[in-house]
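Protein chains in written order, with our numbering: chain W, 662 to 1143; chain G, 662 to 1143; chain F, 17 to 484; chain R, 17 to 484. Below: the structure, in structure tokens.
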Amino acid sequence: MLIFEHSSKGRQGAPQSPVEKASISAIPENLLRKDSAALPEVSELQAVRHYTRLSQKNFSIDTEFYPLGSCTMKYNPRACNTLAMLPGFLNAHPLTPDEQNQGFLSCMYDLQSMLCEATGMAAFSLAPMAGAQGEFSGVAMIDAYHKSRGEHERKEILIPDAAHGTNPATAVMCGFKVREIPTLDNGDVDIDALKQCVGPQTAGLMLTNPSTLGVFERNIEAIAKVIHDAGGLLYYDGANLNAILGKIRPGDMGFDVIHSNLHKTFSTPHGGGGPGSGAVGVAKRLIPFLPLPTVTQEDGNYRYLTAKDCPQSIGRLSAFMGNPGVLLRAFIYMRFLGREGMVRVAEFATLNANYMMAEAKRRGFTLAIDHRRASHEFIITLKNEARDYHVSAMDFAKRLLDLGYHAPTTYFPLLVPECLLIEPTESEAKEALDGFMDALEQILHEAETNPELLHAAPQTLPVKRLDEVRAAKQLDLTYKMS
Amino acid sequence: MLIFEHSSKGRQGAPQSPVEKASISAIPENLLRKDSAALPEVSELQAVRHYTRLSQKNFSIDTEFYPLGSCTMKYNPRACNTLAMLPGFLNAHPLTPDEQNQGFLSCMYDLQSMLCEATGMAAFSLAPMAGAQGEFSGVAMIDAYHKSRGEHERKEILIPDAAHGTNPATAVMCGFKVREIPTLDNGDVDIDALKQCVGPQTAGLMLTNPSTLGVFERNIEAIAKVIHDAGGLLYYDGANLNAILGKIRPGDMGFDVIHSNLHKTFSTPHGGGGPGSGAVGVAKRLIPFLPLPTVTQEDGNYRYLTAKDCPQSIGRLSAFMGNPGVLLRAFIYMRFLGREGMVRVAEFATLNANYMMAEAKRRGFTLAIDHRRASHEFIITLKNEARDYHVSAMDFAKRLLDLGYHAPTTYFPLLVPECLLIEPTESEAKEALDGFMDALEQILHEAETNPELLHAAPQTLPVKRLDEVRAAKQLDLTYKMS
Amino acid sequence: MPFIPHTEQEITQMLATIGVDSMEDLFDEIPAHLRAPELKAIPKGMTEMEVSRLMHQRADKNTKALCFLGAGAYQHHIPAAVWEITTRGEFYSAYTPYQAEASQGTLQLTYEFQSMIAALTAMDVSNASMYDGASSLAEAILMSVRANRKSKSRKILIPTSVNPVYRKTAETIVKGQQIDLVEVPYDGSTGTVTLEQIKQQGEGDITAVVLQQPNFFGCLEAVDEITNWAHDNNILVIAVVNPLLITVLNPPGQWGVSGVDIACGDGQPLGAPMSAGGPYYGLLCCKQALVRQMPGRIVGRTVDLDGKEGFVLTLQAREQHIRRSKATSNICTNQGLVVTASTIHMAIMGAKGLENTAAACFANNNLLVEKLTAISGVKKAFSGTHFHETVLQLDVNAAQVLRALMAKGILGGFDLSEDYPELGTAIMVCTTEMRSEADIEAYATAMQEVLAAGVVSAEKVPATPEVV
Amino acid sequence: MPFIPHTEQEITQMLATIGVDSMEDLFDEIPAHLRAPELKAIPKGMTEMEVSRLMHQRADKNTKALCFLGAGAYQHHIPAAVWEITTRGEFYSAYTPYQAEASQGTLQLTYEFQSMIAALTAMDVSNASMYDGASSLAEAILMSVRANRKSKSRKILIPTSVNPVYRKTAETIVKGQQIDLVEVPYDGSTGTVTLEQIKQQGEGDITAVVLQQPNFFGCLEAVDEITNWAHDNNILVIAVVNPLLITVLNPPGQWGVSGVDIACGDGQPLGAPMSAGGPYYGLLCCKQALVRQMPGRIVGRTVDLDGKEGFVLTLQAREQHIRRSKATSNICTNQGLVVTASTIHMAIMGAKGLENTAAACFANNNLLVEKLTAISGVKKAFSGTHFHETVLQLDVNAAQVLRALMAKGILGGFDLSEDYPELGTAIMVCTTEMRSEADIEAYATAMQEVLAAGVVSAEKVPATPEVV
Ligand SMILES: Cc1ncc(COP(=O)(O)O)c(C=O)c1O
Ligand SMILES: Cc1ncc(COP(=O)(O)O)c(C=O)c1O
């Protein structure tokens, strides 16, 4: 039932607003609204009950194991939420004079510094509001850099075929042409192909390392050399930073720009779709181009750097500075972990992934890339099962839901057929991993003996399998109250 | 699965305690614990997940209509929770010097004053921690009062047979003999019987008005006269205060002592069993006996009154003063409502109950007391259905759960066979009342056509009907970790 | 209308269904001359915005001083997850789990709570909570009287080293039932009670003896010795414990040869904020044999129709709603939500976490006492080991010193002069794991300054009224 | 180990299953010489108790001044229920609802959100959010370029009365795509843009015109007139609105004869705390015909196998994960949790509640402006109606005045000197429903005192760096 269907004309969720409507008759009649907006009219209890019950219809980290590959669904410490919501932060107007905003600004400055150290970059801007905006800033900086050197012909961005969709979409948004680089069967970038693609038109390469195939790009130094020799820059898509935190740093691998999805590696919640943060870090030569604002410190006083301070900046990405509430949560999380905790993240994320991969193999699954270390995630391909039993990765995914597990990422990366991209994260106990592997094994058995069970899944959730085609064809995007 | 079953030896919910255990070797060996307590060893995520999922197995006001008679399950405004948990309150040590505790004490003083006004009593103590402790203080004050006048022979408390179990239990705890007074078919106390019971041994009468039968005691003045003429005092069990708030005050009806369940009338949450508050109010002559501490005010300065100030007090009921967090929530709720809101509580609670009663009758149910106004609650008796279809009030209750409604109170008051005591409260919308009545009607139909459905209910909850006999016979009260 | 969902149209429909003309008609059974006046002394209603501002203002008026005060309530760290989960609507706004199938969340959690508390205390069973530690002691005493069938005296020995407000509360609650609380003085040099003193008061038929560990002064009692003596004399032993500290101290179930009979205490240190005095909860445990004498709710594990594990309220025949005047107690509503928090707290902390916390409290107190007694005019009142509270003897008026410390932002401790006049000018200082070395240093500096500035001597200044 | 659940024994077992000897072996594909050093610049890990203390200290350092500052972020009352429900684990810790059947909570809520926003704006459809109002304007501009097939110019008219940071953000985001943002100056006496000025810049082929209502100065633009003119000339209209204020102001879907084509704005006034700048969210709505040009996620209602109602992400072929380089935008993660809060906020407030709130903002601003302009040296900069922000002309240096007000606990408004040097010494003051009469009085008094004390005149003092 929709909240609108609980509505009853004339009801009001008092006592949440001034009781009386003040006069607005001073406003010219033609600028005033004629009718009230058709919002639901419910009591506070009705709203609380409705949304509490809706919430129960979600899977989430707090209720289920959620091994969604490339998404790093690790535990979101509750303290990060509580402390980021202290009144001192919540009531801070974004344009508060810097002197009165020192508590907040000091956290931001420290966060920038910690991110620099963790990634080996020279400077960070916290302005990007999600990974995709981080990518945007990164690519825009690459553009600005080349232009600042008069190299206006560099209008091509190279992207491996395993890359996330945001990579090509971003490059195009920044006005570049995208060229795809193939991946070898062992998961590494095809360097020969790469070499054939670079040239004076090359602005840069966007790379995820470990890649979205769940393996570490072993030839990273060679790749960096190819790109740099061609005059291009190296962009690091930090979505998979969790795998290498404290073990190897993008800056040390030769990357010139990176974004870090703080809502992945640094555990800010995903909130059913966001908000996130795609903080962007750069090597020294790109510092002047960082998006605004950033925070600096002089004699223990913190202040925002703005366009006046940074005339070469690519500019602003939002009205203020990114998503401060998200940034605070990341800052708190990093202070929890400390330098020693960072390394542990990578170690246990990798341990969990490799353990599950070993278990998957033992239980008869086909790995997309065998005989390699998994990073923090790995891929099962169900192409054989699809062929033999006519069950799809989608069927496996839906059946997992019935067994109380969120499904892994399916059908990404695109180059692996019928794939499950599995990322357990470091915060999950062996118990959860084993339970999940048992469920997968059970489904494998069911696929053989009773594939209908998979096709008909899910059965135990609020709804059965939903008709996506109908959704796209008979568009119903808003409820209209009568 | 129990939290203990998620335990793994050597795991720790860091980072929640000092990492290292400081030396305690200065403590004599024989006073030290030999083994670690067998608590579960789980990660923070495991605990969060476990208890989040457990919570989802509860019905609650926030998720279901919960018309539990005599319990006043009204909406618990979330702001009452948020504001009572402000750090200024949470971090206040109970023995903070009064001068440094003015914020909290002023709330308590105001709460006392508002309760006096709402009930027509001369003074209030917030010390009792639940209704039962309120009753205890009330009866102990009656005792102290009589003793202070040398009337040591008053050792009998009169209690109508419809009364809540805490009434007789309390009287006995205070050292009194209990005498039951019968109730007439129309719900009123049998005054003739009452007259025959009073005498020089009478300490007082405990009365709930409106009674637990859901009707207003019309002869209250006559009853008061009988008791007072006999030298006894009148105790008001305020569990049903919601029905008459702002409409008629216990003090004006002639009651000498009352308790108010703030966790009912004043909407502090019930928390799955508590905590509550049984704030106790008295007429002037009983003020000296009020339990400690209370809060007084002199020139805008608030302070606790203690034994020194009140030598005749019955004393303390707890280490500090009742349940401050609960008291704060009640205070906030009362400030929300204000004087005009109080009256509305009674009006709409009564409207809802009478509407449901009319609907129940229309839909073929038998009312325990017909041809009277319902107060804030009313009773259906299923004695006919039990006779004709062999279904019990319990069966109805369990079937209601399947239909998404919490069951009304069953088998109380004891004198009505197969009863459902239904209390909707004022905060429920007509929509919820109608939905519930539809469900009841459906069940009535099922009782006739398919009683098995009732006997086998519930079917849609985490467990089916539970074996209470086994629970009491094969006692399993604690899990022992191996 | 705040929290009232009715529209005008619905009201009209409903009145029509009922068959009355107006809301007023619904109250026509109430004698007109008794109708309430307008409740003038209650302010007008407020919007949430206004209420919120009011409450922020009031909360801000309360002190933010560094807390070195204990005496029954302790400032411990509570993981943020604890109350975030506890205040979820499904826990927060549920009633007592009378409909078991629709309350498995609360019921299973309570079963886990009972199991954890039993594990902590090393006792056989725990109930689902009492109001607080003080009232729990009262119920323990009543329980001991019902349980000790060999004793007819209704005499309970209670050392004066037991928390004074616990003793007062017990007195209030048990006095209606002709129970005699016999005080046993503590030893002035050790701050603990000796077996000799107990024996002296304990001539003849005694029903039970109460022992607090650590006692009110933070001193450690000789619990084994006294427990054994009591059992040898058919006297039940009631332990009052701090549930956090028994993660490192010998738990009551292991005192002496056979453990105590009943253990009680306040659950506050396990997840309840100080919150101006509550809500906390009383824990109450006993030996298996006494379970039918237990007051309050108890949850049991059982199975459903399909044999699946489930949880119910059990042994309800002890309780007032079934047994009425013959119930073990009148308690009905207990402290469920705080129990919820406490269970989550224990699960997150684990035994190891609680042990480390307790040990840190102890170490911090040693450090504080060392620093304070290094100041001239401050010395320990009692010999022997203290846990996280220590009584300090001052040369000058305690209330004055505490007030001067407060002016420096330090809540310096508990003034003992009213409850223990024989101690003269003594205060009790407390440290939890929350007090850092810097905090302790700050206290020591402040004390130094206060004493150096010279407070008026003890005789001249009347003690300020104390809240006890 | 914080947030890592592994025991020693489990680690050993797992390594054995993998077939390696140590954790280090898992990283043997990483070139040894590239291995990271110890991260010295990152402090050591802390316990929650320590982190909590640190964060309280930092939060306390932030000001608690009375806020009269707006300029794109507004301090509104948010019902406590909003964030208590929003931060429930099931909303807080879920990912984007890719598995629809396991995400009906988020999906249905988002569908309700889209419906509410469409109702508020009177537009046909809404997406599931953009990052914030400023970036949403940028996406609206990109969308207009894709949508207006009749225009080839990629020229967008944008009045300077549109929020300057919105204009700057749009510039950053669209500049890679050869789009020309043509500024249209506002009228110096009214603070609004006139149709004449627009026409003047709008010669030839124009793709779209942007209109903010109320505009950055709080002034009301002649939206009907301009919308009609634009449509007559095949120019799309992009509205930037404050979603709270359109509960009383004519919503963009009803501007002119046929309503605007695209509406955007910042959702912050509908349930997001100011929070130092976010997270807020960008709203983005359009006419039905443009829906396939919409960036970002969209939820649709559909049915399951049994024909039961359910919700899914739809029109995904617009998005980067399907369409990659041909997507309508690169946006992936959006502002879901704030959308959750905002939906609950709108449901609890209702249209009536929001209207009353908006009207109170307006009334409060009138009162404030009346009181401030009664002070000599303060006057309104523009004629005409203002909503809840008003530009005031001062005689003296604005930065100095604001600093002096701040010393009195008043965050007095926005200094316009950097963005609008032509206005000289002007500030913009804002009131929401949160500012009581007493607050407004306090501001007036403070202003009086500050001006009476005499701040240094405009010429002499260099403006302090401003955060814009
Ligand atoms: C590899 C990769 N790159 C980029 C992104 C985009 O990040 P965001 O969703 O924060 O915009 C994602 C997110 O799923 C990702 O997995
Ligand atoms: C009529 C009546 N009296 C007394 C009580 C006891 O109140 P409490 O549970 O707060 O002790 C109740 C509670 O259910 C009740 O309904």
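We put the CB at the ideal spot given by N, CA and C, even for glycine.
DSSP state of residue i mapped onto helix, strand, coil
i, result
"residue 664 (chain G)", "helix"
"residue 1059 (chain G)", "helix"
"residue 1025 (chain G)", "coil"
Contact list for residue i against chain F, beta-carbon separation under 7 Å
i, result
"residue 237 (chain R)", "Chain F residues near residue 237 (chain R): none, gap ~30 Å exceeds 7 Å."
"residue 95 (chain R)", "64"
"residue 685 (chain G)", "264, 375, 378"
Any C-beta of chain F under 8 Å from that of residue i
i, result
"residue 740 (chain W)", "yes"
"residue 22 (chain R)", "no"
"residue 450 (chain R)", "yes"
"residue 767 (chain G)", "yes"
Contacts that residue i makes with chain G (C-beta to C-beta distance below 7 Å)
i, result
"residue 1145 (chain W)", "It is not possible to answer for residue 1145 (chain W), since the shown part of chain W is limited to 662 through 1143."
Straight-line Cα distance separating residue j from residue i
i, j, result
"residue 639 (chain G)", "residue 41 (chain F)", "This structure cannot settle anything about residue 639 (chain G), because the visible part of chain G is limited to 662 through 1143."
"residue 76 (chain R)", "residue 749 (chain W)", "6 Å"
"residue 718 (chain W)", "residue 708 (chain G)", "20 Å"
"residue 281 (chain F)", "residue 269 (chain F)", "14 Å"
"residue 311 (chain F)", "residue 194 (chain F)", "19 Å"
"residue 245 (chain F)", "residue 683 (chain G)", "33 Å"
"residue 93 (chain F)", "residue 377 (chain F)", "11 Å"
"residue 988 (chain W)", "residue 772 (chain W)", "8 Å"
"residue 102 (chain F)", "residue 706 (chain G)", "15 Å"
Neighbour list for residue i in chain G, Cβ cutoff strictly below 9 Å
i, result
"residue 723 (chain W)", "706, 709, 710, 713, 714"
Min CB distance residue i to chain G below 8 Å
i, result
"residue 148 (chain F)", "yes"
Residue i at chain R interface by Cβ criterion, 8 Å
i, result
"residue 678 (chain G)", "yes"
"residue 907 (chain G)", "no"
Chain W contact for residue i (CB, 8 Å cutoff)
i, result
"residue 160 (chain R)", "no"
"residue 107 (chain F)", "no"
Proximal chain W residues relative to residue i, where beta-carbon distance stays under 9 Å
i, result
"residue 321 (chain R)", "1117, 1124, 1125, 1126, 1127, 1128"
"residue 25 (chain F)", "669, 670, 671"
Listed by chain order, chain R residues near residue i by CB distance under 9 Å
i, result
"residue 987 (chain W)", "294, 295"
heavy atom of ligand 3 below 7 Å from residue i C-beta
i, result
"residue 1143 (chain W)", "As far as ligands go, the structure on display features ligand 1 and ligand 2 and does not contain ligand 3."
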